[in-house]
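Novice:
Residue numbers (our numbering): 6 to 95.
1. By the three-class DSSP mapping on this structure, what secondary structure does residue 21 have?
2. Verify whether the separation of the beta carbon atoms of residue 25 and residue 16 is less than 8 Å.
3. What's the call for residue 93, buried or exposed, on a 16-neighbour Cβ count within 10 Å?
4. Once the 5 residues before and after residue 64 are set aside, which same chain residues still bring their CB inside 7 Å of it?
5. Could you give the DSSP three-state label for residue 39: helix, strand or coil?
6. If you draw a straight line from the C-alpha of residue 50 to the C-alpha of residue 56, how long is it?
7. Using 10 angstroms around the beta-carbon of residue 20, count the other beta-carbons present and answer buried if the total reaches 16, otherwise exposed.
8. Roughly how many angstroms separate the alpha carbons of residue 34 and residue 75, rounded to a whole number?
9. If residue 84 and residue 41 are in contact, beta carbons under 8 Å, what's the gap, nearest whole angstrom?
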């Protein structure tokens with residue numbers, strides 16, 4: 006989806022997806038190429054988009070964003086369990 010005032014960001018997301026589709030056809034069988042969408046992560050970009058959230062991590066979390074440590078605890082095990090045939094190039 007497109008987001009106003011976020012054209013470069015949105016374009017880069019589409020570019021990554023296309024890149025992964027191509028790389029998936031090139032990597033050896035023991036490797037996997039995926040574009041993993043981490044969801045809402047608390048970064049400086051959130052504060053640029055919604056300046057009133059600056060310094061209000063609890064409010065960011067209420068809106069569905071998580072910090073990098075929380076993301077790693079949830080997502081890394083999920084990534085490790087992925088099967089190549091199910092996710093390569095997706």
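Idealized CB from N, CA, C, for every residue including glycine.
Specialist: For this structure:
1. helix
2. The answer is no: Cβ separation not under 8 Å.
3. buried
4. Cβ within range, chain order: 58.
5. coil
6. 9 Å
7. Under this definition residue 20 is an exposed residue.
8. 31 Å
9. Sure, about 6 Å apart at Cβ, within 8 Å.
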